[in-house]
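A.B. asks:
Residue numbers (my numbering): 34 to 212.
(1) Can you find at least 3 beta carbon pairs, one from the region 73 to 82 and one from the region 46 to 60, that sit closer than 8 angstroms?
(2) Kindly indicate the opening and closing residues of the alpha helix (DSSP H) around residue 106.
(3) Rank 54, 72, 111 and 90 by C-alpha distance to the C-alpha of residue 65 and give the top, closest one.
(4) Enumerate, from N- to C-terminal direction, the unbroken beta strand (DSSP E) stretches of 3 or more residues contained entirely within the region 117 to 157.
(5) Does the region 99 to 117 come within contact of the region 133 to 150, defined as at least 3 CB pairs closer than 8 angstroms?
(6) Between residue 70 and chain B, is the shortest Cβ-Cβ distance under 8 angstroms, so that the two count as touching?
(7) Could you check if residue 35 is buried or exposed, using at least 16 other CB atoms within 10 Å of its CB as the buried criterion?
(8) Between the Cα of residue 163 and those of 37, 43, 128 and 50, spot the shortest distance and give me the residue it belongs to.
(9) How about residue 100 and residue 70: are their beta carbons less than 8 angstroms apart?
Below, the structure is given as C-alpha cells:
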C-alpha cells in the first residue's frame, strides 16, 4: 500500500470511530513527500521516528498520536489539534506550531493524557498562541522559541532550556515568584 492509501484508511478509521478503514502504523517511514496531510483527521496516528521534515500538517487532528522521536523540523502545524500527543524526543526546530492545541486530552474515566514534549528539540519554533497547559516539557530545548501568548499553566518545565525564548508575561511572573 502507498503512504497516501495508508493515510486515507487511517482517516476513515479515525472519522468512523473504528468502523471503517484501519489504523496506520507509519513508524520510521519517510513522509517528507506525503501530500494531503493538512486539515486531515489523523487521530491516534502511530508514527514514531517518522521523517516529516517540512511537511504541511496545518489544522490536522492528531490527538493522542505517537510521534515520539519524529523529525518535524520546519514542519507547518499551525492550528493543529495535538492534545495528548507524544512528541518526546522529537525534532521541532523552526517548526510552525502557532495556535496549536498541545494541552491534555480527556480519555476514558475522565482522565487526562498530557501532551509530551519532554527532551524535544524546539529551537526557534513558533509557538505563539499555543495551548501548552499541563504539557510535559521537561528537558526540552526551547531556545529562541517564540512563546508569546502561549498558555503554559501547570506545564512541567524542569530542565527546559528557554535561553533567548520570547515568553508570555504571566509565565515570566510565575517563574520569578517561584524563585
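All residues carry an ideal CB built from backbone N, CA and C; glycine is no exception.
What you are looking at is a predicted structure, and each value in this text was computed from that prediction instead of being measured.
C.D. replies: In this structure, then:
(1) yes
(2) By one-based count along the chain shown, residue 106 stands at place 73. Careful: residue 106 lies outside any alpha helix (DSSP H) and carries neither H nor E.
(3) Residue 65 sits at position 32 when you count from the first residue of the chain shown. The option with the nearest alpha carbon to residue 65 is 90.
(4) 138 to 140 and 144 to 146
(5) yes
(6) No chain B is present in this structure, which holds just one protein chain.
(7) Counted from its first residue, the chain shown places residue 35 at position 2. Exposed is the call here.
(8) Numbered from its first residue, the chain shown carries residue 163 at position 130. Nearest of 37, 43, 128 and 50 to residue 163, Cα basis: 128.
(9) Within the chain shown, residue 100 is the residue found at index 67, counting from 1. Within the chain shown, residue 70 is the residue found at index 37, counting from 1. No, these two residues do not count as a Cβ contact at 8 angstroms.
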